[in-house]
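*Asks:*
Protein chains: 2
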Amino acid sequence: MLANIKVQQPTETQCAECPIRKMALFKRVPEDQLESTQDHRSSQITFPSRAHLYREGETNDFVYTLFDGCVKLYKTLKNGKIQGMRSASPGDFLGFQGDLDGAMHHGAIALTDTIVCAFPKEDVHRMLCEHKEIASEMIMKNAQMMAFCQEHLLSTGAKIAIERIAFTLIELNHRFKTLLSSKSVGQYERIIELPLTQEDLADAVGLTSIHVNRTLKQLKDKQLISCKKGRISVLNEKELMLLAHFNPDRIHVRNIL
Amino acid sequence: MLANIKVQQPTETQCAECPIRKMALFKRVPEDQLESTQDHRSSQITFPSRAHLYREGETNDFVYTLFDGCVKLYKTLKNGKIQGMRSASPGDFLGFQGDLDGAMHHGAIALTDTIVCAFPKEDVHRMLCEHKEIASEMIMKNAQMMAFCQEHLLSTGAKIAIERIAFTLIELNHRFKTLLSSKSVGQYERIIELPLTQEDLADAVGLTSIHVNRTLKQLKDKQLISCKKGRISVLNEKELMLLAHFNPDRIHVRNIL
DNA sequence: CGGTCCGTTGATTGTCTTCAAGTTGGGTGG
DNA sequence: CCACCCAACTTGAAGACAATCAACGGACCG
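Listed in order, the protein sequences are those of chains A and B.
Counting in my numbering, the first sequence runs from 60 upward without gaps.
Counting in my numbering, the second sequence runs from 60 upward without gaps.
1) Bridge partners for B/Q142 per DSSP, in chain order?
2) Assign A/C176 to one of three DSSP states: helix, strand, or coil.
3) For a cutoff of 8 Å on Cβ pairs, would you count A/H21 as touching chain B?
4) If you measure beta-carbon to beta-carbon, which residues of the region 211–230 of chain B are closer than 8 Å to chain A?
5) For B/I64 and chain A, any beta-carbon pair shorter than 8 Å?
6) Show which residues of chain B have a CB atom less than 7 Å away from the CB atom of A/M205.
7) Just the chain A side, please: which residues come within less than 8 Å of B/I198 by C-beta, in chain order?
8) In whole angstroms, what is the alpha-carbon distance linking A/E222 and B/L213?
9) Just to confirm before moving on: does the CB-CB distance between A/K134 and B/Q209 stay below 8 Å?
10) Based on Cα-Cα distance, which residue from A/S240, A/F235 and A/T267 lies nearest to A/P254?
11) Classify A/C77 as helix, strand or coil using the three-state DSSP reduction.
12) For B/T357, which beta-bridge partners are listed by DSSP?
13) Using the Cα positions of B/I229 and B/D259, report the straight-line distance between them to the nearest angstrom.
14) Measure the CB-CB distance between B/A263 and B/G143 and report whether it falls below 8 Å.
15) Closer than 8 Å is the cut-off here; do at least three beta carbon pairs connect the region 191–208 of chain A with the region 114–124 of chain B?
16) Should A/Q92 be flagged as near chain B, meaning a C-beta pair shorter than 8 Å?
17) Listing by chain order, which chain B residues have their CB less than 9 Å from the CB of A/K81?
18) Whole-angstrom Cβ separation of B/M41 and B/G116, contact assumed at under 8 Å?
19) May I ask you to list, following chain order, the residues of the region 144–169 of chain B that have a beta carbon less than 8 Å from some beta carbon of chain A?
20) Distance, Cα to Cα, B/G128 vs B/R109?
21) Going by alpha carbons, who is nearest to B/K297 out of B/I284, B/V271, B/Q73 and B/K288?
22) What are the start and end residues of the beta strand (DSSP E) that includes A/H211?
23) Check distances from the C-beta atoms of the region 260–271 of chain A to those of chain B and list, in chain order, the residues that come in under 7 Å.
24) Taking 8 Å as the CB-CB limit, is B/R114 close to chain A?
25) Just mark B/S146 as buried or exposed, buried being the case when its beta carbon has 16 or more other beta carbons within 10 Å.
26) Please report how far the alpha carbon of B/V271 lies from the alpha carbon of B/T256, in whole angstroms.
27) Buried or exposed: which applies to B/S148, given that a residue is buried once 16 or more other Cβ atoms fall within 10 Å of its Cβ?
28) To the nearest angstrom, how far is the alpha carbon of B/L266 from that of A/I250?
29) If we ignore side chains and look at the alpha-carbon of each, how far apart do B/I168 and B/P107 end up?
30) Would a check of beta-carbon distances place A/L299 closer than 8 Å to chain B?
31) Mind checking if A/H304 is an interface residue toward chain B, Cβ cutoff 8 Å exclusive?
32) With a cut-off of 8 Å, does the C-beta of B/V312 fall near any C-beta of chain A?
33) What did DSSP end up calling A/K288 once you bin it into helix, strand or coil?
34) Do B/F305 and B/F207 have their C-beta atoms within less than 8 Å of each other?
35) At least one CB of chain B closer than 8 Å to the CB of A/K276: is that the case?
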């Protein structure tokens, strides 16, 4: 469970000042009510890279809003094969599933040092009832996750290796780029280093890391990406988007509720 | 068999009498308020087999609760390849996506003659705000759809052909079985004919229909299934579940909100 | 009776996996 | 500082699995 290495922040960010709130679950909670939502929050917790937030098949008492970092959500088969569900980025809501009290349907492992805001699951029901802004936002977040999951499924089921890999890279790159450009008013690193090992990428796209390695080489030869240990960077977004059949409008959707 | 349980309603079913309401979006709306939700409903609509409820890339003014029948939800790539997202069954909520007014991210085509309850999209916002029971149910339905989509992704990304096919068949069979046993208090056809052509199944699992045909032959040889034109039946659930790595508790989850 | 949709089968090709060995680079402890 | 270690990455060769190409059968329908 939480027994992992967790460190309390010396000073916790207050919800009212939270820089990612505009993309998190409390987006629509009026400023003057934030104090009460904050009561639900048990704490900010940090996880070092490669630590588990929770494990597949085990129960976990918290849900999280990802505050900073990158977290791999994945499932496994009994034969050991892994399928990545999503590389979560700041603002993502983690750990919610239909049977809140049951064993987790997937695992979550930090790809970088990570900070999350934790909420006891027992409060989730109350939060959703008391704040219909949260319920609305939950519906929208879920719709976004659904859109992503379906594009991921399309990618995995109907594209060839190089297209799938291009898709996963360009989607994550696009997501981080949007985040960074909204955080820092000015400019941001034009080239982002995605915190993925080739094996993480292999899990995400449903291929072996060996074949991912060979395919990445093709992409490097075409100057579309660059790699170093545990990092992959997108160099040519336009070409990758074409290769990937990537349309940001299908995934990164503006909310309507 | 599916075709038999469908009853064409000469007069439209009233929400208060709706036999599938307990699994639909209005599950929790108090009896005495049903009249107002009914006002939102524009009509029951029937679609013949192989008609589109809506098409990918086009806009559509309604969302639907599937009342009777089976509907294939799918996406396509520009090269023509199709990936099935889900075979929807009665109680499923269709056509909702984050950008309600935008072009549909997926298409929906009837696999059998189908009856849906249609709701104008412009009322969706109001419905969710006015009835928090609907909002809650929406959140739960979405969690279920998410769980399914993720299992489907796991299946597509990490299993071999025979396992994927077994998974898709046993999952759909299990879903229909649950529906039928709750509809008819007494017994139901023990063997269900799933309304899938081999090509539909191929789309769902991300394989060619030729390879699906060969794999189905293996399953027939093992007496696990039987086929006729446009119908596939599960004969040995237990064996198929093992083959498929299928765990109903991961997908067909009891609600908690 | 011809047409069409769905299913079946064979032969061939190609993508991806598996097995098997390296190599590189960062980190650690002597 | 160097030696060592380990995880991540790289490369080659062989084989498995699924796609493609091609042809045919059978049921249903107008």
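Think of the CB as a built atom: it goes at the ideal place given N, C-alpha and C, for glycine as much as any other residue.
*Replies:* In terms of the structure at hand:
1) B/K134
2) strand
3) Residue 21 of chain A lies beyond the residue range present for chain A, which begins at 60 and ends at 316; the question has no answer from this structure.
4) H211, L212, L213, T215, G216, A217 and K218
5) Any reading at B/I64 needs caution, since the residue's pLDDT is 36, under 50, leaving its predicted position unreliable; the model's value is listed next. Chain A, which has no Cβ nearer than 8 Å to the Cβ of B/I64, makes this no.
6) N201, M204, M205 and C208
7) Chain A residues near B/I198: L187, A194, M197, I198 and N201.
8) If I take the Cα positions, the gap works out to 18 Å.
9) yes
10) A/F235
11) coil
12) Limits of chain B in this structure are 60 at one end and 316 at the other, which puts residue 357 of chain B out of reach.
13) 15 Å
14) At the C-beta level, B/A263 and B/G143 come within 8 Å of one another.
15) Verdict: no, contact absent.
16) By this cut-off, A/Q92 is not an interface position.
17) None at all; the shortest Cβ gap to chain B is about 17 Å.
18) Outside the displayed span of chain B (60 to 316) sits residue 41 of chain B, for which this structure offers no information.
19) Listed by position along the chain: M144, F155, Q156, G157, D158, L159, D160, G161, H164 and H165.
20) 11 Å
21) B/I284
22) Per DSSP, A/H211 belongs to no beta strand (DSSP E); it is in the alpha helix (DSSP H), K191 to A217.
23) G265
24) no
25) Counting Cβ neighbours within 10 Å, B/S146 comes out buried, since at least 16 surround it.
26) For B/V271 and B/T256, the distance between alpha carbons rounds to 10 Å.
27) buried
28) 36 Å
29) 10 Å
30) no
31) yes
32) yes
33) coil
34) no
35) For A/K276, the answer is no, since every Cβ of chain B falls outside 8 Å of its Cβ.
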